[in-house]
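So the structure is just underneath, and the comments pick up after that.
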Amino acid sequence: MVKWSGFAGRLGRCLRSQSGAPSPAPLRRGTSSATEAASASLHEERLKRPEELPGTGALGTLYWIFVRGYLLHTHHLQIMFKKMYGPIWKSVGGPYLNINIGSPEILEELLRQEGKYPIRSDMVLWKEHRDKRHLSYGPFTEDGERWHRLRQVLNKRMLKPSEAVLYADAINEVVSDLIVHLEEERRKSSSGVKVEDMANLFYRFTLEGISYILFETRIGCLEKQIPNETKKFIDAIGLMFKNSVFVTFLPKWSRDMLPFWNRYLQGWDTIFAFGKKLIDQKMVDLEKRLEQGEEVSGYLTYLLTSGRLSNEEIHGSITELLLAGVDTTSNTLSWTLYHLARNPDIQEALYQEVANVIPKDQIPGAKDITKMPLLKAIVKETLRLYPVVPTNARIIAEKEVVIQGYKFPKDTLFVLAHYAISHDEANFPEPDCFLPRRWLRDQREMPHHPFSSIPFGYGVRACVGRRIAELEMHLALARIIQKFLIRPDPQCTEVKPLARIVLVPDKPINLDFLDRQTMP
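So that you can map any letter, position 150 of the sequence shown is 150 in the UniProt record's numbering, and since no number is skipped, the others follow by simple counting.
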């Protein structure tokens with residue numbers, strides 16, 4: 001919850017210091033209301049309008065995106081604009097005036113004013129599909145009181161660390177299949193140790209894991225022969241995200257002329273059809289088990305039996321939760337192993353930490369992870385370098401917002417430049433380097449601002465699946481490092497991120513996995 005006590009005073013002092021005006025003396029007894037009104041009017045005059053911010057217009061945005069080739073490098077464009085215009089700047093995208101936030105201090109100032117029902121405006125395309133197909137919104141597309149009610153139901157059994165622990169056994173079951181799959185992929189390679197395209201492999205692992213948690217059903221992503229319906233589902237997710245990049249920047253009048261919009265809709269249609277089939281199957285199974293007097297448990301079972309959501313709301317919510325949990329885990333695991341392979345000293349330190357906590361051949365549990373600070377620091381550093389969503393947005397619809405001497409009206413669109421913020425040298429020296437120990441308390445050279453890296457968001461709109469995603473990453477990494485020594489593929493060149501809504505590798509990450517048990 002926002003702590004308002006003292007905030008107004010701090011904000012007033014901040015604005016006065018920015019304007020260069022001295023702090024007013026305390027009002028004496030008998031000061032007239034006219035004087036107070038004049039003072040308030042003077043304060044209002046000091047506040048600037050959004051249009052006075054430095055930045056770029058619609059043509060300038062199109063120039064950088066399409067002419068200068070930053071369509072898939074908008075994360076780098078954040079850093080460039082921040083250097084050009086400062087930590088807060090304006091830009092125009094289509095009909096929208098965007099207010100870009102590029103520093104942790106200003107980000108905190110904004111998010112602490114977001115109120116009870118902040119809006120994620122970056123979900124406009126998702127909403128268009130739901131509206132066109134008459135589908136119910138989920139936790140990422142719903143807003144206002146309806147969103148708040150939805151989140152209250154969905155948060156249970158997912159958001160708290162103690163509740164996420166309930167899924168540790170299910171996650172470890174899927175991790176065991178991942179280890180088997182890694183061994184099979186090694187054997188198929190000519191060298192006997194290489195595994196190709198880690199992002200694709202981890203994507204399948206994560207999708208299997210989150211499906212198992214949400215649908216309480218294995219869908220076969222890690223089988224030698226992926227079921228045809230599951231393969232279509234996986235392909236549809238990629239199709240939807242790929243085409244959403246083009247749909248985001250192209251004007252609406254081009255939708256009937258170019259194929260991207262229909263492909264985007266087709267991707268979503270396949271995703272929803274797959275989710276609906278699994279939910280319907282679960283409902284039939286649940287009815288049979290209840291009739292037989294069996295005990296039932298699980299996340300989908302909880303939603304179906306709670307009576308607090310309609311079937312349509314469950315359908316929309318589960319589908320959105322499914323997608324939200326996949327990219328965070330799969331991309332982060334891929335980047336983490338990429339850097340561990342290139343930093344053998346850090347990898348060895350992690351192996352020693354895991355070995356000291358977990359006896360050889362024993363499977364780590366959720367409690368074991370609490371004893372592995374370096375493991376957690378490595379994941380944090382990877383998320384800092386590669387925030388899964390490099391840019392998202394907020395609309396604060398409930399009130400006007402004052403930030404850095406500017407007054408923004410209700411419904412202003414704020415763009416949160418997470419990539420630029422997490423690569424701010426003021427908080428992270430050598431910001432482009434993989435330095436996990438910067439997160440360890442006893443080795444931290446300087447404290448970083450708490451809003452300098454928030455990959456799971458902040459406040460009431462924070463990621464509902466954060467705890468499960470973290471548990472998946474921690475358990476998977478501990479098991480992989482416990483078994484394998486990881487080295488870069490000798491033929492693999494440097495891999496860099498591309499912005500396709502989420503940050504993805506620009507080429508396949510191929511790694512060599514050496515069996516630790518056969519090493520001297």
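No residue lacks a Cβ here, since even glycine has one placed at the ideal position from N, Cα and C.
- Sheet register partners of glycine 93 (DSSP bridge): Tyr96
- Query: Looking at the unbroken alpha helix (DSSP H) that takes in asparagine 392, where does it start and where does it end?
  - Reply: That residue, asparagine 392, is in no alpha helix (DSSP H); its beta strand (DSSP E) goes 391 to 395.
- How long is the line joining the alpha carbons of lysine 160 and tyrosine 137, rounded to whole angstroms? 24 Å
- Task: Could you tell me if methionine 240 is buried or exposed, where buried requires 16 or more neighbouring beta carbons within 10 angstroms of its beta carbon?
- Result: buried
- Proximal residues to glutamate 320 (C-beta, below 8 Å), its chain only, five neighbours per side dropped: Closer than 8 Å at the Cβ level, and outside the excluded window around glutamate 320, lie Trp126, Gly138, Pro139, Phe140, Thr141.
- In three-state DSSP terms, what is serine 189? coil
- Message: Restricting to Cα atoms, I'd like to know which of Ser121, His134, Lys380, Glu398 is closest to glutamate 470.
- Response: Lys380
- Determine the DSSP secondary structure at lysine 3, reduced to helix, strand or coil. Any reading at lysine 3 is ruled out, since the residue's pLDDT is 34, under 50, leaving its predicted position unreliable.
- Message: Among Lys242, Thr248, Tyr96, Arg146, whose alpha-carbon lies nearest the alpha-carbon of threonine 56?
- Response: Tyr96
- Query: Mind checking whether arginine 437 and leucine 485 have CB atoms under 8 Å apart?
  - Reply: no
- When you compare only the Cα positions, how much space is there between proline 490 and leucine 337? Rounded to the nearest whole angstrom, the CA to CA distance from proline 490 to leucine 337 is 15 Å.
- Task: Would you kindly work out how many angstroms separate the C-alpha atoms of isoleucine 237 and lysine 48, rounded to a whole number?
- Result: 43 Å
- Message: Which residue marks the beginning of the beta strand (DSSP E) containing arginine 384, and which one marks its end?
- Response: It is not in any beta strand (DSSP E) - arginine 384 instead sits in the alpha helix (DSSP H) that spans 373 to 385.
- Please state whether DSSP places lysine 116 in a helix, a strand or coil. coil
- Item | Cβ neighbours of threonine 328 in the same chain (closer than 7 Å, five flanking residues each side left out) | Val388, Ala469
- Message: On the DSSP letters alone, give me the boundaries of the alpha helix (DSSP H) that phenylalanine 215 sits inside.
- Response: 198 to 215
- Task: Could you tell me how far apart the beta carbons of asparagine 343 and phenylalanine 434 are, in whole angstroms, since I believe they sit closer than 8 Å?
- Result: 6 Å
- Indicate the three-state DSSP secondary structure (helix, strand or coil) for tyrosine 458 in the structure shown. Residue state, collapsed to three classes: coil.
- Message: Less than 8 Å between the beta carbons of serine 121 and isoleucine 395, yes or no?
- Response: yes
- Task: Use the C-beta contact count for alanine 21: other C-beta atoms within 10 angstroms, 16 or more gives buried, fewer gives exposed.
- Result: Confidence at alanine 21 is low in this model, with a pLDDT of 38, below 50, so its placement is unreliable and the value that follows should be read with caution. Its Cβ having fewer than 16 others within 10 Å, alanine 21 is exposed.
- How would you label glutamate 114, buried or exposed, when you count the other beta carbons within 10 angstroms and need 16 or more for buried? buried
- In this structure, what does DSSP give as the bridge partners for alanine 417? Thr391
- In this structure, does DSSP put proline 403 in helix, strand or coil? Note on identity: in this sequence residue 403 is isoleucine, with proline being the wrong assignment. Isoleucine 403 carries a strand assignment under DSSP once its states are collapsed to helix, strand and coil.
- Task: To the nearest angstrom, report how far apart lysine 376 and histidine 418 are at their CA atoms.
- Result: 20 Å
- Item | Pick from Arg186, Asn262, Val401, Ile213 that is closest to isoleucine 318, judged by C-alpha positions | If we check each option's Cα against that of isoleucine 318, Ile213 comes out closest.
- Item | Residue from Glu472, Leu59, His75 whose Cα sits closest to the Cα of lysine 496 | His75
- Task: For phenylalanine 456, I'd like the list of residues in its chain whose CB is within less than 6 Å of its CB, leaving aside the five on either flank, ordered along the chain.
- Result: Ala462, Cys463, Arg466
- Query: How would you call leucine 503, buried or exposed, if buried means at least 16 neighbouring beta carbons within 10 angstroms?
  - Reply: buried
- Item | Backbone CA spacing between glutamate 36 and valine 401 [nearest angstrom] | In this prediction, glutamate 36 has a pLDDT of 49, which is less than 50 and means its spatial position is unreliable; what the coordinates show is noted afterwards. Each residue's Cα considered, the two are about 22 Å apart.
- Query: If we ignore side chains and look at the alpha-carbon of each, how far apart do aspartate 80 and proline 87 end up?
  - Reply: Reading off the sequence, residue 80 comes out as methionine, not aspartate. Their backbone Cα atoms lie some 11 Å apart in a straight line.
- Item | Assigned exposure category for alanine 341 - 16 Cβ within 10 Å defines buried | By the 10 Å Cβ count, alanine 341 comes out buried.
- Check whether the segment 296 to 310 touches the segment 182 to 195, counting contact only when three or more Cβ pairs, one atom from each stretch, lie closer than 8 Å. no
- Boundaries (first-last residue) of the alpha helix (DSSP H) holding isoleucine 237: 228 to 249
- Task: Take isoleucine 101 as the anchor and find which of Ser422, Arg151, Gln443 has the nearest alpha-carbon.
- Result: The option with the nearest alpha carbon to isoleucine 101 is Ser422.
- Task: Have a look at the DSSP bridge pairing and note the partners of aspartate 512.
- Result: Lys194, Arg487
- Query: Alpha carbon to alpha carbon, how far is lysine 242 from arginine 500?
  - Reply: Straight-line spacing of the CA atoms in lysine 242 and arginine 500 works out to 7 Å.
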